[in-house]
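Structure first, commentary second.
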Amino acid sequence: MEPNRFSVSRTHLKQLFRDKGDRILIAIGVANGAEARQLHHTLANLYAQNAVPDFVGGFIAFVSGYLCAAMHGLPDMGYILRSEIVRQTDIIEQATWMAALQTGTPALPIGVDADTGYGSEPCAILLTCRQIHKQGGQYIQLEDQRDVNKTCGHMAGAGGLGKFLAPAEDMIRLRLDPAVAYAADQDDFAVMARTDAIAVEGFSKAMDRAMRYADAGADYIFVEAPESLEQLRTIGEEFKNSPRGILANMIERSPKTPYMSPRELHELGYDIALYCIGSMLAGRAAQQRYYHIIGQGRQVLQGADESEERWFAGFNAIIGREQTEAWNRFFHDKAS
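Counting from 1 along the sequence shown, just add 52 to a position and that's the residue number in the numbering used here.
Following this line, the structure appears as structure tokens:
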């Protein structure tokens with residue numbers, strides 16, 4: 053890192069998608085700036101070691117509504133509004149910019165989960181697109197649940213009794229049309245359309261909705277919560293010759309969707325593999341163990357990996373302590 057250089061390139065998602073060929077992109081959810089920086093450093097190291105497999109065409113940092121709600125100590129059940137997801141996008145953009153400066157490698161493109169768009173009228177969708185785009189988001193994900201009582205796609209609705217869908221016509225006319233119109237005038241912004249219809253109307257009608265959303269101009273299509281390997285396979289086959297990209301969402305131990313690796317999803321024909329909340333689930337398991345040991349008055353480091361990289365020094369390096377020190381020294385020395 054050169055402390056007097058602040059120009060960072062960010063991978064252009066549309067170009068990445070055009071250049072990927074038959075490879076798959078991997079989108080990974082990050083809950084905060086620390087996770088975003090850790091993701092960037094880990095991937096930069098994998099590329100430096102030539103350890104990224106040939107079937108992977110690149111990576112995306114994903115701003116998840118579920119994770120945004122979780123950062124407020126809330127479930128993904130309609131609590132989060134535009135202001136929170138826009139702020140979260142800004143945090144992830146800043147963190148990936150800082151990490152890119154630190155490593156000298158391009159910043160990751162950013163995809164953003166915008167739920168139902170945070171408003172029932174097209175003007176609200178346009179504002180959501182603009183604010184997310186302004187903060188660095190390169191695609192917006194919009195879903196067809198009703199704009200009240202929406203929940204995570206792998207949950208059974210706000211009351212536990214099922215989800216509620218907006219009519220497909222409303223999803224297209226009031227959400228997708230304004231988003232697609234906005235994206236058409238930008239060179240670095242795209243639209244992902246998600247349908248939650250499997251849980252409400254069944255797989256066949258969900259596929260009908262997905263096709264209609266593709267015809268309406270969505271760049272990427274996301275059929276949420278397939279319930280079997282056969283459904284996952286059918287989605288891949290139905291969109292095999294489509295210019296639209298298709299995404300599969302994997303949640304660890306989901307009650308809905310069989311869990312598959314990026315390699316397996318690539319073999320099924322998917323363009324994007326999304327792992328939206330797994331990093332937080334993995335972190336929670338480690339935190340739970342840490343709290344349990346401390347709560348019993350025991351020694352956390354006993355029997356654990358005690359390397360500096362694993363603990364305080366390693367985290368400080370990822371979070372940018374040395375980067376900050378270098379900037380401060382450089383400009384203090386320059387002034388003197």
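Every residue, glycine too, gets a C-beta built ideally from N, C-alpha and C.
Helix or strand or just coil, what does DSSP make of residue i?
| i | result |
| --- | --- |
| residue 114 | strand |
| residue 173 | coil |
| residue 232 | helix |
| residue 140 | helix |
| residue 197 | strand |
| residue 168 | coil |
| residue 132 | coil |
Please report the residue range of the beta strand (DSSP E) in which residue i lies.
| i | result |
| --- | --- |
| residue 274 | 272-275 |
| residue 38 | With the chain covering 53 to 388 only, the question about residue 38 has no answer from this structure. |
| residue 311 | Premise fails: residue 311 is in no beta strand (DSSP E) and is neither H nor E. |
| residue 324 | 324-327 |
Ends of the alpha helix (DSSP H) at residue i?
| i | result |
| --- | --- |
| residue 301 | Run containing residue 301: none in the alpha helix (DSSP H); it sits in the beta strand (DSSP E), 297-301. |
| residue 347 | 330-347 |
| residue 157 | Residue 157 -> no alpha helix (DSSP H), and no H or E assigned at all. |
| residue 356 | Unbroken run through residue 356: none, as it is neither H nor E. |
| residue 285 | 281-290 |
| residue 94 | 85-100 |
Can you check which of these residues, the options, is closest to residue i by C-alpha distance?
| i | options | result |
| --- | --- | --- |
| residue 174 | 111, 131, 224 | 224 |
| residue 91 | 110, 74, 76, 105 | 110 |
| residue 80 | 103, 95, 197 | 95 |
| residue 296 | 348, 233, 243 | 243 |
| residue 160 | 177, 172, 166, 189 | 189 |
| residue 319 | 66, 98, 108 | 108 |
| residue 273 | 217, 294, 283 | 294 |
| residue 229 | 269, 254, 385 | 269 |
By the 10 Å Cβ neighbour count, where 16 or more other Cβ atoms means buried, how is residue i classified, buried or exposed?
| i | result |
| --- | --- |
| residue 140 | buried |
| residue 298 | buried |
| residue 219 | exposed |
| residue 59 | exposed |
| residue 280 | exposed |
| residue 105 | exposed |
| residue 70 | exposed |
| residue 195 | buried |
Inset, instruction - Decide yes or no for the touch test of the stretch 343-361 against the stretch 120-139: beta carbon pairs closer than 8 Å, at least 3 of them. - result: no
Inset, instruction - Evaluate the contact criterion for the stretch 313-320 versus the stretch 334-342: three or more CB pairs, one atom per stretch, below 8 Å. - result: Output reads no: the stretch 334-342 does not touch the stretch 313-320.
Inset, instruction - Indicate whether the contact test is met: 3 or more Cβ pairs, each with one atom in the stretch 300-309 and one in the stretch 257-269, closer than 8 Å. - result: no
Legend entry - the stretch 146-159 contacting the stretch 233-252, beta-carbon criterion three pairs below 8 Å: no
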